Amino acid sequence: MTMFDDHYYAASTTDGSGAGESRGLRFVLDESSNTAKLTALYAYDRHRATAMGNVQALANGNSLVRWGTVPAITEFDSQGGNVDVYLSWNGATEVASLQVRSGVSSAALDDAVTVARTGFETAVQIAPAKVFSAQAPDKFGKTLGNTPTTDA
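So the sequence shown is residues 5 to 156, counted in our numbering.
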């Protein structure tokens, strides 16, 4: 069983600060003993949603967390680590590669990886970061478009 805990409001913290961290939870239920065991906790300290998040268990053992009122989705592997950044080329055949930048904030982005266009959508593995953005250059290096900086 999975559930989303927004853990945001002041009543959810002992000091009344409301500085709780939203998180996804996965449990195994034992109906014979009426118990639940927490088997995974998916957290990302930057995401604090006030409502509407969810956790989806995927067939490969990973989990997808939709952070509710925060416009972000994170896929976690079976050990709770982040997986990939997915980007769509949207059929723009003049795009030659994708340059991904990542960092702790939109003001502190570093080059993370450059990958060649491989199809309609491309999965890119990057080191854990708070935010990322991408540029789409043509074969001459001219930037054709940029993504906004997005929470990881």
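We put the beta carbon where it would ideally sit given N, CA and C, even for glycine. All figures in this text were calculated on a predicted structure; none of them were measured in a lab.
{"Item": "Opposing strand residues paired with residue 24 [DSSP bridges]", "Value": "In the DSSP output, where bridge partners are listed per residue, residue 24 has none listed."}
{"Item": "Contact set for residue 120: own chain, Cβ-Cβ below 6 Å, skip 5 residues either direction", "Value": "101"}
{"Item": "Contained beta strand (DSSP E) runs [length at least 3] in the stretch 70 to 132, N- to C-terminal order", "Value": "77 to 80, 89 to 92, 101 to 107, 113 to 120, 125 to 128"}
{"Item": "Burial state of residue 34 (16 or more Cβ within 10 Å)", "Value": "exposed"}
{"Item": "Proximity winner among 85, 72, 146, 67, relative to residue 54 (alpha-carbon distances)", "Value": "72"}
{"Item": "Check whether residue 36 and residue 52 have beta carbons under 7 Å apart", "Value": "no"}
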